[in-house]
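J.: Residue numbers (my numbering): 4 to 192. Backbone N, C-alpha and C define an ideal beta-carbon position, used for all residues, glycine too.
So, in structure tokens, the structure goes:
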């Protein structure tokens, strides 16, 4: 008995490609839609309502002038911290010694700007020294500040090797005998 050709056998391989094209089209459209939304989400719409100058002045007048600012509180918190300190013997001809003044004590800190004056207070005995940050590269992962040997001697931490200290960043006007733009803060060849 002769067989009737099946309708599916005539379609061949194109029958299976057609539905696959239908599924990739929504994926492409969805990808384009998401990319467009992300691109336009970064755009800022300009406000149509502008505030007049007298209204701005009223807002400024309504704020209390004597209230401490949030920025000042943050600076105070970041300027005084309790950390671990270690000491190292700074060679006399090193760059760190040349950056400091003649009788200044030096320290290394990875984040404070070079030339910053810091008061370091030993937590256990209450002794304190003022040091200038002249170096980087603290290798001990548990310590935050490396003090020169002379500063460690004044804090009585030579035998300990490391100690908990309070560091307080000093503004230029609170540093005794400090000259902000002295030649001692720059390296000499």
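Label residue 83 either buried or exposed according to how many other C-beta atoms from any shown protein chain fall within 10 Å of its C-beta, with 16 as the threshold for buried.
T.: Exposed, because fewer than 16 other Cβ atoms sit within 10 Å of the Cβ of residue 83.
J.: Would you kindly work out how many angstroms separate the C-alpha atoms of residue 118 and residue 151, rounded to a whole number?
T.: About 15 Å.
J.: Do the stretch 159-168 and the stretch 105-122 meet, that is, are 3 or more Cβ pairs less than 8 Å apart?
T.: With a cut-off of 8 Å, the stretch 105-122 and the stretch 159-168 do not count as touching, because too few Cβ pairs lie within range.
J.: Can you tell me whether DSSP reads residue 117 as helix, strand or coil?
T.: Three-state DSSP puts residue 117 in coil, outside helix and strand.
J.: Report yes if the CB atom of residue 139 is closer than 8 Å to the CB atom of residue 131, and no otherwise.
T.: Going by C-beta atoms, residue 139 is not nearer than 8 Å to residue 131.
J.: Taking DSSP's pairing of strands, which residues face residue 138 in a bridge?
T.: For residue 138, which the question treats as bridged, DSSP gives the partners 111.
J.: Select from 30, 85, 43 the residue whose C-alpha is nearest the C-alpha of residue 145.
T.: Nearest C-alpha to residue 145: 85.
J.: Run the CB neighbour count on residue 30, radius 10 Å, all protein chains shown included, and call it buried at 16 or more, exposed below.
T.: By the 10 Å Cβ count, residue 30 comes out exposed.
J.: On the DSSP bridge assignment, give the partners of residue 168 in chain order.
T.: In the DSSP output, where bridge partners are listed per residue, residue 168 has 86, 125.
J.: Does DSSP put residue 173 in a helix, in a strand, or in coil?
T.: Strand, per DSSP.
J.: Determine the direct distance from the alpha carbon of residue 175 to that of residue 193, and round the result to whole angstroms.
T.: An answer regarding residue 193 cannot be provided, because it is not within the stretch 4 to 192 covered by the chain.
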